[in-house]
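By full-length UniProt numbering, the letter at position 234 of the sequence shown is numbered 234, and the numbering carries on one by one without gaps.
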Amino acid sequence: ETEVILLACGSFSPITNIHLRLFEHRVGKGILFPAGDACKKKGLIPAHHWVIMAELDTKNSKSVEVDTWKSLQKSWKLLRCLDRRGILQDSSKKKSLEPKTKGVPKVKLLCGADLLESFGVSNLWKSEDIIQIMAPGDAAQKFIYESDVLWKQWSNIHVVNEWITNDISSTKIQRAFRRGQSIHYLVLDLVQEYIEKHNLYSSKNEDRNVGVILAPLQRNTTEAKSWKFYSMMFCTSL
1 ETEVILLACG
11 SFSPITNIHL
21 RLFEHRVGKG
31 ILFPAGDACK
41 KKGLIPAHHW
51 VIMAELDTKN
61 SKSVEVDTWK
71 SLQKSWKLLR
81 CLDRRGILQD
91 SSKKKSLEPK
101 TKGVPKVKLL
111 CGADLLESFG
121 VSNLWKSEDI
131 IQIMAPGDAA
141 QKFIYESDVL
151 WKQWSNIHVV
161 NEWITNDISS
171 TKIQRAFRRG
181 QSIHYLVLDL
191 VQEYIEKHNL
201 YSSKNEDRNV
211 GVILAPLQRN
221 TTEAKSWKFY
231 SMMFCTSL
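The following block contains the structure:
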């Protein structure tokens, strides 16, 4: 059986319990790729905070790790740039030192329904080897059927039912903290302490990048109108 490596990209601002829950469906290991400041999305705090919180949340995990490469990029880059990180090569070297090597692992993108929908935009993402975790009331299968781009990649899309549903999101955590509400049990204690120490989700931070065009749209100005609906999905957490 071939090992599967799951990649999860986003701001993870903050990382929540549901983010790691996604990796319960993995075979092999999971890698978190926090986005960088180059994303320019409204209200996002500096990227180094995302990385630190992700590292705090995964420091006791044996199968999920954090890669900082994407967060350190000075400009916004497409996901395909991750191919150059040598994920397959590094993993293969590690596996070669272990008994019963299963060969070169397969890398799959782990995403939710909103991110999956953005694959319907022509030339936006490489629609290869996607795995999706379904959320309550999700219409992923219907969207795949209605999208010619995704329908052609049906064999590479694995829709996974999550029977124990959870409505936690980074946006809701931010809002609760900003309003003085408890976020206990929604994020790891170490992450909560870090958020409180640095007062990350204040009203002041909510105005960060106001009026700034998202990096993907800056790069593709000729297609800005057609991408407007999907622009908020580039750097959202899973």
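The beta carbon of each residue, even a glycine, is placed where N, CA and C say it ideally should be.
Exercise for the section: Determine the DSSP secondary structure at residue 183, reduced to helix, strand or coil. Expected result: What you label residue 183 is simply residue 183 of the sequence shown in a count that begins at 1. Three-state DSSP puts residue 183 in coil, outside helix and strand.
Problem - Beta-carbon proximity of residue 111 to residue 70, cut-off 8 Å - result: As a working mapping, residue 111 is identified with position 111 in the sequence shown. As a working mapping, residue 70 is identified with position 70 in the sequence shown. Result no, Cβ atoms of residue 111 and residue 70 do not sit closer than 8 Å.
Practice task
Compare the beta carbon distance of residue 34 and residue 64 with 8 Å and say whether it is the shorter of the two.
Solution key: One-based indexing of the sequence shown puts residue 34 at position 34. One-based indexing of the sequence shown puts residue 64 at position 64. Not in contact: residue 34 and residue 64 (Cβ atoms no closer than 8 Å).
Exercise for the section: Mind checking which residues open and close the alpha helix (DSSP H) that includes residue 144? Expected result: What you label residue 144 is simply residue 144 of the sequence shown in a count that begins at 1. Unbroken alpha helix (DSSP H) run through residue 144: 140-146.
Problem - Assigned exposure category for residue 104 - 16 Cβ within 10 Å defines buried - result: On the sequence shown, residue 104 is found 104 positions in, with the first residue counted as 1. By the 10 Å Cβ count, residue 104 comes out exposed.
Handout entry: residue 33, DSSP secondary structure in three states
Key = Position 33 of the sequence shown, counted from the first residue, corresponds to residue 33. Strand.
Handout entry: Nonlocal neighbours in the same chain, by C-beta distance under 7 Å from residue 173, ignoring five residues either side
Key = Locating residue 173 in the sequence shown gives position 173, counting from the first residue. So the list reads 14, 16, 183, 186 and 187, once near-sequence residues are dropped.
Handout entry: Beta bridge counterpart(s) of residue 59 as assigned by DSSP
Key = The residue labelled residue 59 in the question sits at position 59 within the sequence shown. Bridge partners of residue 59: none, in fact.
Exercise for the section: Note down, in chain order, each residue of its chain lying with its Cβ closer than 8 Å to the Cβ of residue 31, except the 5 sequence neighbours on either side. Expected result: Counting from 1 along the sequence shown, the entry for residue 31 is found at position 31. Around residue 31: 5, 6, 7, 8, 64, 65, 66, 67 and 87.
Practice task
Less than 8 Å between the CB atoms is what I'm expecting for residue 200 and residue 56, so what's the real figure, rounded?
Solution key: Your numbering for residue 200 matches position 200 in the sequence shown. Your numbering for residue 56 matches position 56 in the sequence shown. Not a contact, Cβ separation roughly 13 Å.
Practice task
Return yes when the Cβ of residue 178 is within less than 8 Å of the Cβ of residue 202, no when it is not.
Solution key: For this step, residue 202 is matched to residue 202 along the sequence shown. For this step, residue 178 is matched to residue 178 along the sequence shown. Against a cut-off of 8 Å, the Cβ pair of residue 178 and residue 202 comes out as a contact.
Practice task
Per DSSP, which residues does residue 28 bridge with? Please list them.
Solution key: Reading the sequence shown from its first residue, position 28 is the one you call residue 28. Checking the DSSP bridge columns, you'll see residue 28 partnered with 4.
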